[in-house]
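Letter 121 of the sequence shown, counting from 1, is numbered 307 in our numbering, and no numbers are missing.
Glycine included, each C-beta is placed from N, C-alpha and C at the ideal position.
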Amino acid sequence: MEHIFELIIGGVLLCLLIASIVIWTGNRRGLREAERPDEVLPEKGTEVGVVQPEQGVEVPEAAGSRLVRLRRRLSGSNNALARGLADLISRDRLDEDTWDDFEATLISSDLGVGPTTELVDTLRRELAIDGVNDPARAATVLRRELVSLVDPDMDRSLGLQGSDGKPAVVMVVGVNGTGKTTTVGKLARVLVAENKTVLLGAADTFRAAAAEQLATWGERVGVETVRGVEGADPASVAYKAVEQGIAQGVDVVLVDTAGRLHTKTGLMDELGKVKRVIEKIAPVTEVLLVLDATTGQNGLVQARIFRDVVDCTGLVLTKLDGSAKGGIVVQVQRELGVPVKLIGLGEGVDDLAPFEAGGFVDGLLGQ
Ligand code: GDP
Ligand code: MG
Numbered sequence: 187m188e189h190i191f192e193l194i195i196g197g198v199l200l201c202l203l204i205a206s207i208v209i210w211t212g213n214r215r216g217l218r219e220a221e222r223p224d225e226v227l228p229e230k231g232t233e234v235g236v237v238q239p240e241q242g243v244e245v246p247e248a249a250g251s252r253l254v255r256l257r258r259r260l261s262g263s264n265n266a267l268a269r270g271l272a273d274l275i276s277r278d279r280l281d282e283d284t285w286d287d288f289e290a291t292l293i294s295s296d297l298g299v300g301p302t303t304e305l306v307d308t309l310r311r312e313l314a315i316d317g318v319n320d321p322a323r324a325a326t327v328l329r330r331e332l333v334s335l336v337d338p339d340m341d342r343s344l345g346l347q348g349s350d351g352k353p354a355v356v357m358v359v360g361v362n363g364t365g366k367t368t369t370v371g372k373l374a375r376v377l378v379a380e381n382k383t384v385l386l387g388a389a390d391t392f393r394a395a396a397a398e399q400l401a402t403w404g405e406r407v408g409v410e411t412v413r414g415v416e417g418a419d420p421a422s423v424a425y426k427a428v429e430q431g432i433a434q435g436v437d438v439v440l441v442d443t444a445g446r447l448h449t450k451t452g453l454m455d456e457l458g459k460v461k462r463v464i465e466k467i468a469p470v471t472e473v474l475l476v477l478d479a480t481t482g483q484n485g486l487v488q489a490r491i492f493r494d495v496v497d498c499t500g501l502v503l504t505k506l507d508g509s510a511k512g513g514i515v516v517q518v519q520r521e522l523g524v525p526v527k528l529i530g531l532g533e534g535v536d537d538l539a540p541f542e543a544g545g546f547v548d549g550l551l552g553q
């Protein structure tokens with residue numbers, strides 16, 4: 187009898203030992219997977235995967251009134267134009283020195299030499315007839331002239347109309363760090379707020395973190411992200427995204443891209459190919475070039491390079507909240523012949539606004 191008891195107790199102990207080993211190794215494996223999120227992605231050869239959004243998504247702010255809310259950020263204390271205007275209208279007489287100072291202010295706000303000369307000539311003609319300053323009139327004429335330079339008549343609507351029952355396809359291009367991924371995320375939120383169905387394509391496959399960043403934006407507003415493994419062919423990820431967008435019947439596919447500028451030809455090949463490959467199945471309805479407003483003349487140089495690579499249909503100026511150089515809007519539109527359609531005024535999720543000439547100039551002038 188004693189032996190049987192010993193056997194049973196021994197057996198129970200052995201079972202407990204085996205069970206705890208099984209549980210322990212299971213936990214270890216779970217941990218390893220959590221530490222290495224890449225492993226849940228498809229393997230290299232299979233290339234493309236989809237990140238499904240979770241429940242409990244956010245409801246974004248509608249785009250309509252955003253410029254009103256955000257334009258204060260343009261008129262921060264560092265805003266050159268607001269200061270220049272204040273200086274101009276505080277003088278009793280408009281002498282040569284005053285005009286020179288004002289001209290320098292306009293140039294420093296990146297308005298460009300041509301537009302600055304035009305603006306100062308008009309102001310001088312209208313204001314300085316008797317050399318006496320009339321502050322209210324100066325402000326009115328300056329506003330009117332700036333609005334006309336920014337051009338209220340340009341069509342700033344986004345190409346969001348797909349044809350033949352296919353989704354609209356928006357490609358977002360630009361140098362790294364300008365704010366492409368952030369803009370795609372913010373734009374997805376705007377579209378979701380407008381009750382559009384959206385799919386994101388993470389065609390910046392250069393760094394795994396880039397796709398991760400985009401998928402995070404998507405998850406927050408309940409939008410799927412099609413992504414490839416690190417180093418996958420960007421064109422094939424873009425293609426898969428549009429293909430899936432067509433299959434699911436979404437309204438808009440937003441394609442984020444990489445913007446390495448080390449060789450212009452490499453970039454040309456890559457971006458050109460992404461667009462061509464997408465257009466095998468659906469027209470690209472909008473190509474948004476993202477420019478960082480704080481980079482000034484450098485941004486213009488970049489803009490020219492991208493213009494040569496893909497036909498840009500709209501511009502996005504980011505980081506205008508941290509820049510006293512709002513005049514760049516005028517220069518870059520003239521340079522590329524393409525309207526600024528959206529502006530970024532902060533790192534917050536709803537800090538992207540549709541561009542509108544009057545509201546923008548009011549912001550610049552601190553009104
Ligand atoms: P990408 O490399 O072109 O995709 O650039 P990202 O979207 O990753 O953005 C680069 C950095 O710029 C991030 O830290 C963003 O938060 C920041 N950023 C983007 N847009 C704006 C903006 O409008 N204002 C400010 N202040 N920061 C921005
Ligand atoms: Mg990016």
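Under the rule that 16 or more other beta-carbon atoms within 10 Å means buried, what is residue i, buried or exposed?
i	result
residue 281	exposed
residue 464	buried
residue 478	buried
residue 418	buried
residue 245	exposed
residue 321	exposed
residue 466	exposed
residue 381	exposed
residue 349	exposed
residue 289	buried
residue 638	What the structure shows of the chain is the stretch from 187 to 553, and residue 638 is not part of that stretch, so it cannot be assessed.
residue 365	buried
residue 298	buried
residue 252	buried
Indicate the three-state DSSP secondary structure (helix, strand or coil) for residue i in the structure shown.
i	result
residue 478	strand
residue 324	helix
residue 178	In the structure as shown, the chain begins at 187 and stops at 553. Residue 178 is therefore absent and cannot be evaluated.
residue 534	coil
residue 414	strand
residue 249	coil
residue 243	coil
residue 279	strand
residue 361	coil
residue 356	strand
residue 217	For residue 217, the predicted model reports a pLDDT of 35, less than 50, meaning its position is unreliable; a value from the coordinates is still stated below. Residue state, collapsed to three classes: helix.
residue 222	Because the pLDDT at residue 222 is just 32, under 50, the model does not fix this residue reliably, and the value given afterwards should be weighed accordingly. Looking at residue 222 - three-state DSSP - the assignment turns out to be coil, as it is neither helix nor strand.
residue 350	coil
residue 298	coil
residue 551	coil
residue 419	coil
Over the uninterrupted alpha helix (DSSP H) stretch that includes residue i, give me the two end residues.
i	result
residue 378	366-379
residue 342	Per DSSP, residue 342 belongs to no alpha helix (DSSP H) and is neither H nor E.
residue 289	282-294
residue 399	394-407
Since residue i is in the beta strand (DSSP E), which residue starts that stretch and which ends it?
i	result
residue 235	234-237
residue 540	538-540
residue 384	384-389
residue 435	That residue, residue 435, is in no beta strand (DSSP E); it is neither H nor E in DSSP.
How close, in whole Å, do the beta carbons of residue i and residue j come, if the pair is a contact with beta carbons under 8 angstroms?
i	j	result
residue 271	residue 335	Their Cβ separation, rounded to whole angstroms, is 15 angstroms, which puts residue 271 and residue 335 out of contact at 8 angstroms.
residue 389	residue 367	Wrong, their Cβ atoms sit about 11 angstroms apart, outside the cutoff.
residue 411	residue 502	Their Cβ separation, rounded to whole angstroms, is 20 angstroms, which puts residue 411 and residue 502 out of contact at 8 angstroms.
For the segment 456-532, list the alpha helix (DSSP H) runs that are entirely contained and at least 4 residues long, ordered along the chain.
-> 483-495 and 514-522
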